[in-house]
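Have a look at the structure below, then the notes.
In the working numbering, the protein residues as written are 940 to 1223.
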């Protein structure tokens, strides 16, 4: 890839978490039995240049790698199912260096809107270098999710009257509680009944001892985890979404990758509620 072979591109500090995540996806792509393969991830890492190691000590990084692998596969499957089930548009909130528009085998033509900060999208587009997904219409939407963002989304061609599959991956935990609430309420206001949502919700996982070094490192780097829910289901129900909370042990690939950590998760009461999917309530 031309951009990946050139000099590293400057990247704001606030976007370093996206590069770390891409690095984990690149490593996972080379694993013997990967949860997901992202052929673009290594190119983003190379283009970004040295960012330092992912946050935390070796134990935390191993746990995070397993978690990123599992959540990538989980949300890949969710999005394919949602589009197959009648959602013709996908919105990736806080898209980061997500490449699903390019790499997923979409069952039909779909509009994929990637919403994130302008600097990050500019970097991403330089690496992508103008290439077009095979079976999706990719639209980037420069917006700060801590501010009003819905107008920018609709101005980019998003239709709030059509069913939508939303994804909040690696996003809400970094927002203040009122900001996370505003994002979810805005999402609901632009979702007809039958729309879907996939979300990563910080619960007791954020308090696991093996992640303490990660949490401390992120705080020192200016990206602390600010928001969590002890019981996600009722919170989402109050905002019009019927959620499903799987136990990772019920998913074969997750049980395999998280096996060393399941006792810790169960002890913390966090076997469910970390990765959620849901449906917008109402008829239609």
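Think of the CB as a built atom: it goes at the ideal place given N, C-alpha and C, for glycine as much as any other residue.
Rounded to a whole number of angstroms, what is the C-alpha to C-alpha distance between residue i and residue j?
| i | j | result |
| --- | --- | --- |
| residue 1074 | residue 1043 | 9 Å |
| residue 1096 | residue 1055 | 16 Å |
| residue 989 | residue 961 | 13 Å |
| residue 1176 | residue 1120 | 13 Å |
| residue 999 | residue 1100 | 42 Å |
| residue 958 | residue 994 | 12 Å |
| residue 1084 | residue 1118 | 8 Å |
| residue 1178 | residue 1134 | 13 Å |
| residue 955 | residue 992 | 10 Å |
| residue 1070 | residue 1047 | 19 Å |
| residue 1020 | residue 1008 | 19 Å |
| residue 1172 | residue 1015 | 22 Å |
| residue 944 | residue 982 | Here the model assigns residue 944 a pLDDT of 48, short of 50, so the residue's position is not dependable and the matter cannot be decided. |
| residue 1006 | residue 1197 | 7 Å |
| residue 1136 | residue 1219 | 8 Å |
| residue 1202 | residue 1090 | 45 Å |
| residue 1081 | residue 1158 | 25 Å |
| residue 1059 | residue 1068 | 14 Å |
| residue 1169 | residue 1180 | 17 Å |
| residue 1185 | residue 1086 | 31 Å |
| residue 1057 | residue 1094 | 16 Å |
| residue 1223 | residue 1126 | Confidence at residue 1223 is low in this model, with a pLDDT of 43, below 50, so the placement of that residue is unreliable and no value is reported for it. |
| residue 1107 | residue 1098 | 19 Å |
| residue 974 | residue 1183 | 21 Å |
| residue 1049 | residue 1190 | 27 Å |
| residue 1128 | residue 1013 | 25 Å |
| residue 1092 | residue 984 | 27 Å |
| residue 1221 | residue 1131 | 8 Å |
| residue 1216 | residue 1034 | 17 Å |
Leaving out the 5 sequence neighbours to the left and right, which residues in its chain are closer than 8 Å to residue i when beta-carbon positions are compared?
| i | result |
| --- | --- |
| residue 1145 | Residue placement at residue 1145 cannot be trusted, given a pLDDT of 46 that sits under 50; what the coordinates show is reported in the next sentence. Within the same chain, residue 1145 has close Cβ partners 1112, 1154, 1164, 1167. |
| residue 977 | 961, 964, 965, 967, 968, 1011, 1038, 1042 |
| residue 1072 | 1040, 1041, 1051 |
| residue 1104 | 1017, 1018, 1021, 1022, 1026, 1028, 1029, 1030, 1134, 1135, 1136, 1137 |
| residue 1045 | 1019, 1022, 1074, 1075 |
Determine which residues share a DSSP beta bridge with residue i and list them.
| i | result |
| --- | --- |
| residue 1136 | 1105, 1217 |
| residue 1081 | 1055 |
| residue 1050 | 1028, 1076 |
| residue 1183 | 1216 |
Assuming residue i is part of the alpha helix (DSSP H), what are its boundary residues?
| i | result |
| --- | --- |
| residue 1071 | First-last for residue 1071: undefined, no H or E at that position. |
| residue 1092 | 1089-1094 |
| residue 1003 | 997-1023 |
| residue 968 | 955-968 |
| residue 1197 | 1191-1197 |
| residue 1037 | That residue, residue 1037, is in no alpha helix (DSSP H); it is neither H nor E in DSSP. |
| residue 1120 | 1116-1128 |
| residue 987 | 980-987 |
Under three-state DSSP, which class holds residue i?
| i | result |
| --- | --- |
| residue 1178 | coil |
| residue 1065 | helix |
| residue 1111 | helix |
| residue 971 | coil |
| residue 1158 | helix |
| residue 1188 | helix |
| residue 1168 | coil |
| residue 992 | coil |
| residue 1201 | helix |
| residue 1060 | helix |
| residue 1163 | coil |
| residue 1173 | helix |
| residue 1150 | helix |
| residue 1145 | Any reading at residue 1145 is ruled out, since the residue's pLDDT is 46, under 50, leaving its predicted position unreliable. |
Which residues in the same chain as residue i place their Cβ atom closer than 6 Å to its Cβ, once the five residues preceding and following it in sequence are excluded?
| i | result |
| --- | --- |
| residue 1051 | 1029, 1040, 1075, 1077 |
| residue 979 | 1038 |
| residue 1152 | 995, 996, 999 |
| residue 1079 | 1053, 1060 |
| residue 1004 | 963 |
| residue 1156 | 994, 995 |
Excluding five sequence neighbours on each side, which residues of the same chain lie with their C-beta closer than 7 Å to the C-beta of residue i?
| i | result |
| --- | --- |
| residue 1025 | 1102, 1133 |
| residue 1063 | 1036 |
| residue 1123 | 1178 |
With hydrogens ignored, establish whether the beta-carbon of residue i is closer than 7 Å to any heavy atom of the ligand NAD.
| i | result |
| --- | --- |
| residue 1006 | Ligands displayed in this structure: none; no statement on the ligand NAD is therefore possible. |
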